[in-house]
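**Student:**
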Amino acid sequence: MKTIKYLTAFVLVTLLLGSCDVRYNNGNNGMPPGQAKKIYGGSAKDYAPGQRKKQRNNTTIIVNP
C-alpha cells in the first residue's frame, strides 16, 4: 500500500513538473535597433528595448475614499 502511494505521488509530481513550459521572448530576433530601423523604417527608438515602455499606455486610476 505504501509503495502504491509513493509511486502515485512520484508520477503526479513528475507530470506536474514535466508540464512546465518556459518561453523566452526574443524581441526583434536579436536584431539591433538600428538594423531593425533600416529594414522596417521608422525610428530606431521604436525598436530599442529601453524605449518600449514609453509606448505603453499606463493609465492609473486613483480613487479617493
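Those letters in the sequence shown? Residues -24 to -1, 1 to 41, per mature numbering (1 follows the signal peptide of the UniProt record, and there is no 0), in order. Cβ coordinates follow ideal geometry from the N, Cα and C atoms, glycine included. In this text, all values refer to a predicted model and were calculated from it rather than measured experimentally.
Could you check whether the Cβ of Thr(-11) sits closer than 6 Å to any heavy atom belonging to the ligand ADP?
**Tutor:** Inclusion of the ligand ADP in the displayed structure is not the case, the ligand content being empty and no account of it being possible.
**Student:** For my contact list, Pro9 and Ala24 are in at a C-beta cut-off of 8 Å; report their separation, rounded to the angstrom.
**Tutor:** Taking the sequence shown and counting its residues from 1, one reaches residue 9 at position 33. Taking the sequence shown and counting its residues from 1, one reaches residue 24 at position 48. Yes, they are in contact, since the Cβ atoms of Pro9 and Ala24 sit about 4 Å apart, within 8 Å.
**Student:** What residue range is occupied by the uninterrupted alpha helix (DSSP H) comprising Pro9?
**Tutor:** Within the sequence shown, residue 9 is the residue found at index 33, counting from 1. It spans 9 to 16 - the alpha helix (DSSP H) in which Pro9 sits, taken as one unbroken run.
**Student:** Could you spell out the range, first to last residue, of the alpha helix (DSSP H) harbouring Lys(-20)?
**Tutor:** Here residue -20 corresponds to residue number 5 of the sequence shown, with the count starting at 1. Lys(-20) -> alpha helix (DSSP H) spans -23 to -7.
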